[in-house]
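Single-structure report; data block below.
Chains as they are written, first to last, in the working numbering: chain S, 12 to 146; chain P, 625 to 915.
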């Protein structure tokens, strides 16, 4: 069976690079499931959860905003954050979420609001992934 | 003729200098390792982004964006990426020598790092803004610089932008280089990140890409992001260069100080021995005169 080469890269490191059977990712216009032989597509990625199916097993990653390039054989994700479910520290993410929400309540300029919103989205994505995998 | 005491004093002061430069060398070498790793870690992202851009470039021939506009006009902007502190060898003077080549009247400077800003002020060039970046450059710092020059460009205050920085080649070799940033021109020409000579040649897959939501939106978001990332990667490279250059400079300083101590100690011992011989001579002469 054909497989997809999934690559997830952040400015800090190459987080994931493996052949997988299917990828579900959060596009700006909703969730997308990508199978091998998908039409070539370039889209924006929203912060959220990436589900990877490989050999009947599913694993999850939390990702931030970014871009996805899909060809028939590969999925390349460029994002500013990517953490595997097993590496997420729930307490830390929860704390980060609270901090970001508290910051949003203060008076901020546009640039800061955007930055805080991004970090809020990051921690929410981490929490979502963590809670699902611990169920 | 210096007395033994003078020489002892000098030895002591050179020893103190050597101690300081040694400490700075240690600090720089640990920071260097971190900065080099960070610069290397950014490269896969840059490579992937380059290939994404190269792939889509073929499909978005009629796509235009304000950042791609080529304008006639000589107004030029240089982003000068220098260091905050000195004591890093010839790094900054190499950079500023390149910077002097730009026309005084039509060039405005945007500086990252204090040394560059001082240079611009001293030479009475036009300084548009000064940014700082930390030992571990943050993406937000790069975004601030990138946003600023993008605004200058889209408002028409400048017609082209390039970045002058020190490219990190190896611990011993850093080269001042300038890289054009804006206008982007053809989509194919976009380089996110830093060319390194040994980068793999980009292959276009020849596939026809679809865009979601639309080509304008995706590329509209992708282009500024690619620029932000390019500046970020440049900051990382500059930081790695700075720390490497400082480490090498401090190592040389320590070695020189050690050599100096050796020479001075030799001189001190010679002088001491000469004094003893002189005293012995005096004593024996006195005894002979008495006997």
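We put the beta carbon where it would ideally sit given N, CA and C, even for glycine.
State yes or no: is the beta carbon of residue i nearer than 8 Å to at least one beta carbon in chain S?
i                      : result
residue 755 of chain P : no
residue 822 of chain P : For residue 822 of chain P, the predicted model reports a pLDDT of 41, less than 50, meaning its position is unreliable; a value from the coordinates is still stated below. So, not an interface residue.
residue 789 of chain P : no
residue 761 of chain P : no
residue 837 of chain P : yes
residue 679 of chain P : yes
residue 833 of chain P : yes
residue 737 of chain P : no
residue 848 of chain P : no
residue 656 of chain P : no
To the nearest angstrom, how far is it from the Cα of residue i to the Cα of residue j?
i                      : j                      : result
residue 792 of chain P : residue 864 of chain P : 6 Å
residue 131 of chain S : residue 104 of chain S : 9 Å
residue 54 of chain S  : residue 804 of chain P : 27 Å
residue 911 of chain P : residue 904 of chain P : 11 Å
residue 96 of chain S  : residue 62 of chain S  : 10 Å
residue 90 of chain S  : residue 696 of chain P : 36 Å
residue 689 of chain P : residue 771 of chain P : 15 Å
residue 807 of chain P : residue 20 of chain S  : 27 Å
residue 65 of chain S  : residue 18 of chain S  : 14 Å
residue 641 of chain P : residue 724 of chain P : 33 Å
residue 873 of chain P : residue 703 of chain P : 25 Å
residue 889 of chain P : residue 878 of chain P : 16 Å
residue 794 of chain P : residue 645 of chain P : 22 Å
residue 785 of chain P : residue 884 of chain P : 47 Å
residue 84 of chain S  : residue 858 of chain P : 32 Å
residue 69 of chain S  : residue 106 of chain S : 27 Å
residue 59 of chain S  : residue 664 of chain P : 27 Å
residue 818 of chain P : residue 629 of chain P : For residue 818 of chain P, the pLDDT reaches just 48, beneath the cut-off of 50, and the residue's location in the model is therefore unreliable, although a value from the coordinates is still provided. Taking the straight line joining both Cα atoms gives about 56 Å.
residue 631 of chain P : residue 915 of chain P : 38 Å
residue 853 of chain P : residue 763 of chain P : 8 Å
residue 787 of chain P : residue 756 of chain P : 15 Å
residue 654 of chain P : residue 125 of chain S : 34 Å
residue 867 of chain P : residue 737 of chain P : 14 Å
residue 835 of chain P : residue 77 of chain S  : 14 Å
Indicate whether at least one CB of chain P lies closer than 8 Å to the CB of residue i.
i                      : result
residue 22 of chain S  : yes
residue 95 of chain S  : no
residue 66 of chain S  : no
residue 14 of chain S  : no
residue 72 of chain S  : no
residue 137 of chain S : no
residue 39 of chain S  : yes
residue 18 of chain S  : yes
residue 42 of chain S  : no
residue 47 of chain S  : no
residue 111 of chain S : no
residue 52 of chain S  : yes
With residue i as the anchor, note down where its alpha helix (DSSP H) starts and where it stops.
i                      : result
residue 912 of chain P : 839-914
residue 90 of chain S  : It is not in any alpha helix (DSSP H) - residue 90 of chain S instead sits in the beta strand (DSSP E) that spans 85-90.
residue 664 of chain P : 628-665
residue 103 of chain S : 101-116
Classify residue i: buried if its beta carbon has 16 or more other beta carbons within 10 angstroms, exposed otherwise.
i                      : result
residue 748 of chain P : exposed
residue 761 of chain P : buried
residue 22 of chain S  : buried
residue 142 of chain S : exposed
residue 713 of chain P : buried
residue 813 of chain P : Caution is warranted here: a pLDDT of 47 is assigned to residue 813 of chain P, below 50, making its placement in the model unreliable, and the coordinate value is therefore given only provisionally. Exposed, by the Cβ-count rule.
residue 46 of chain S  : exposed
residue 72 of chain S  : buried
residue 816 of chain P : Note that residue 816 of chain P scores a pLDDT of 48, beneath 50, so its modelled location is shaky and nothing firm can be said.
residue 121 of chain S : exposed
residue 136 of chain S : buried
residue 50 of chain S  : exposed
residue 117 of chain S : exposed
residue 900 of chain P : exposed
residue 37 of chain S  : buried
residue 656 of chain P : buried
Hey, quick one: how far does the beta strand (DSSP E) through residue i stretch, first residue to last?
i                      : result
residue 724 of chain P : Residue 724 of chain P -> no beta strand (DSSP E), and no H or E assigned at all.
residue 71 of chain S  : 68-74
residue 18 of chain S  : 15-20
residue 62 of chain S  : 59-65
residue 25 of chain S  : 25-31
residue 93 of chain S  : 93-95
residue 46 of chain S  : It is not in any beta strand (DSSP E) - residue 46 of chain S carries neither H nor E in the DSSP assignment.
residue 802 of chain P : 798-806
residue 711 of chain P : Careful: residue 711 of chain P lies outside any beta strand (DSSP E) and carries neither H nor E.
residue 78 of chain S  : 77-81
residue 696 of chain P : Counting along the chain, residue 696 of chain P falls outside any beta strand (DSSP E), and DSSP gives it neither H nor E.
residue 835 of chain P : 834-836
residue 53 of chain S  : 52-56
Run the proximity test for residue i: is its beta-carbon closer than 7 Å to any non-hydrogen atom belonging to the ligand PLP?
i                      : result
residue 659 of chain P : The ligand PLP is absent from the structure shown, which contains no ligands of any kind.
### Message
Please give me, in chain order, every unbroken run of the beta strand (DSSP E) with length at least 3 that falls completely inside the region 734-794 of chain P.
### Response
750-755 and 784-792
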